[in-house]
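One structure is given below, encoded as structure tokens.
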Ligand SMILES: Cc1cc2nc3c(=O)[nH]c(=O)nc-3n(C[C@H](O)[C@H](O)[C@H](O)COP(=O)(O)OP(=O)(O)OC[C@H]3O[C@@H](n4cnc5c(N)ncnc54)[C@H](O)[C@@H]3O)c2cc1C
Ligand code: SF4
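Residue numbers (the numbering used here): 855 to 1175.
This is the structure:
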């Protein structure tokens, strides 16, 4: 593992000033659970780590009458148990509770989860494993080891909070040394496995998430080999408004979370399924077989459609039979 200098930022301003000074040669750490794993696997080697975890202003959940704000440093364990979050929409707590393990959730943060690096079975391995398998586009090689092509990396977006929060129309607050801005959460992501995150942008910090929209119904499904530890193989989150408008977001099967939506009166299952199939660029880079994951997108959408309907009910977690 490469050595790095380590600074605990005392304030947001200090972190942003350090980032500007060392632009391109540092990494932010929140809980550090993703960053440290990538460093150990020699996939990340920034010479400076700027630890954000001491910045008090970035933590906690603030609930207003018409708005819920979640600080970027709020841990997944806090999200999973927060009464204010559950009152707003239990899907957020359910998504948080489905991530990793109990110990991981006590350290991993909401912001870090939204910015977790994409995964691929051919890349997220030890240096020795990769040495045997060969390099790929993401690792200074010239072909994708999954497809054999040389133009596109299909690494998977694996954040489980992202599909739930995108279905709920969350917005993110981003701050750099000069300005604060807000964006739709889906705008954080690009359908590009090499550079999957367009935001928070150069030397900027994701400070908070904002929700101002409450759905009438929601549904969350996750597929993985075991109910703990494993990253998602497919996550589907959906929300339906009182007027019948539907937003569904699919994670774990493409380079970014995939949003499919339909306005009041337009929503129907065949159209949503066709749009999802068209947009999801799913390849064989997960531990579960490709055809099974593709089929499960249809299965989850069908279940979600039933449960968002008039007689909908709550959760069930998908699992390999
Ligand atoms: C065994 C295991 C199982 C897992 N299973 C799942 C799973 O089922 N579902 C799932 O969604 N995830 C899963 N994960 C990923 C896990 O959720 C992430 O590691 C975690 O959420 C990252 O949060 P963190 O605070 O530790 O981020 P860090 O590791 O600190 O940071 C992650 C990335 O985000 C950047 N960053 C962090 N915070 C900010 C910020 N505020 N502003 C700007 N940049 C920032 C960092 O520079 C880094 O690039 C798993 C991880 C492990 C190790
Ligand atoms: S999808 Fe292809 S290019 Fe991308 S990380 Fe995997 S093997 Fe490498």
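Note that CB positions come from ideal geometry on N, CA and C, so glycine has one too.
State buried or exposed for residue 1096, treating a residue as buried only when at least 16 other CB atoms are found within 10 Å of its CB.
exposed
Can you grab the Cα-Cα spacing for the pair residue 1138 / residue 1144, in whole Å?
5 angstroms
Work out the CA separation of residue 1162 and residue 1141 for me, nearest whole Å.
30 angstroms
Tell me which residue opens and which closes the beta strand (DSSP E) that residue 1077 is part of.
1071-1078
Which stretch, first to last residue, makes up the beta strand (DSSP E) that contains residue 860?
859-862
Quick one: grab the DSSP three-state call for residue 896.
coil
Return the chain-ordered ranges of every alpha helix (DSSP H) run that is complete within the segment 870-931 and spans a minimum of 4 residues.
887-894
To the nearest angstrom, report how far apart residue 914 and residue 925 are at their CA atoms.
5 angstroms
Could you check the C-alpha separation between residue 1022 and residue 986 for me, to the nearest Å?
43 angstroms
Assuming contact is defined by CB atoms lying nearer than 8 angstroms, are residue 1103 and residue 1088 in contact in what I supplied?
no
Let me make sure I understand the geometry here. Which of 868, 861, 881 and 856 has the alpha-carbon closest to that of residue 835?
An answer regarding residue 835 cannot be provided, because it is not within the stretch 855 to 1175 covered by the chain.
My assumption, with CB atoms under 8 angstroms, is that residue 968 sits in contact with residue 1016. Please give the rounded CB distance.
6 angstroms
Assuming the contact rule is C-beta atoms closer than 8 angstroms, residue 889 and residue 1059 should be a hit. Round their C-beta distance to whole Å, please.
About 14 angstroms separates the two Cβ atoms, so there is no contact after all.
The beta strand (DSSP E) with residue 1089 in it runs from where to where?
1088-1094
What are the partner residues of residue 1059, as DSSP defines its beta bridges?
1029
Through-space distance from residue 997 to residue 1046, alpha-carbon basis
15 angstroms
Entirely within the segment 991-1022 and at least 3 residues each: give me those beta strand (DSSP E) ranges in chain order.
none
Verify whether the separation of the beta carbon atoms of residue 1061 and residue 912 is less than 8 angstroms.
yes
Pairs of beta-carbons, one from the segment 971-978 and one from the segment 940-959, closer than 8 angstroms: are there three or more?
no
Cβ shell of residue 1204 (< 6 angstroms), same chain only, five flanking positions each side left out:
The question about residue 1204 has no answer, for the chain in this structure spans 855 to 1175.
For residue 1175, is the classification buried or exposed, using 16 other Cβ atoms within 10 angstroms of its Cβ as the cut-off for buried?
Confidence at residue 1175 is low in this model, with a pLDDT of 26, below 50, so its placement is unreliable and the value that follows should be read with caution. Counting Cβ neighbours within 10 Å, residue 1175 comes out exposed, since fewer than 16 surround it.
Rounding to the nearest angstrom, what Cα-Cα distance links residue 982 and residue 1002 in this structure?
21 angstroms
Neighbourhood of residue 1153 by C-beta distance below 7 angstroms, restricted to the same chain and skipping five residues each side:
none
Can you find a heavy atom of ligand 1 that lies under 7 angstroms from the Cβ of residue 926?
yes
Say the cut is 7 angstroms; is the CB of residue 1103 nearer than that to a heavy atom of ligand 2?
no
Unbroken beta strand (DSSP E) run spanning residue 1105, endpoints:
1100-1105
Have a look at 1134, 1148 and 1082 and flag the residue whose alpha-carbon is nearest the alpha-carbon of residue 1111.
1134
Looking only at C-alpha atoms, which of 908, 1126, 1155 and 994 sits nearest to residue 961?
908
Hey, is residue 976 close to ligand 2, as in C-beta under 7 angstroms from one of its heavy atoms?
yes
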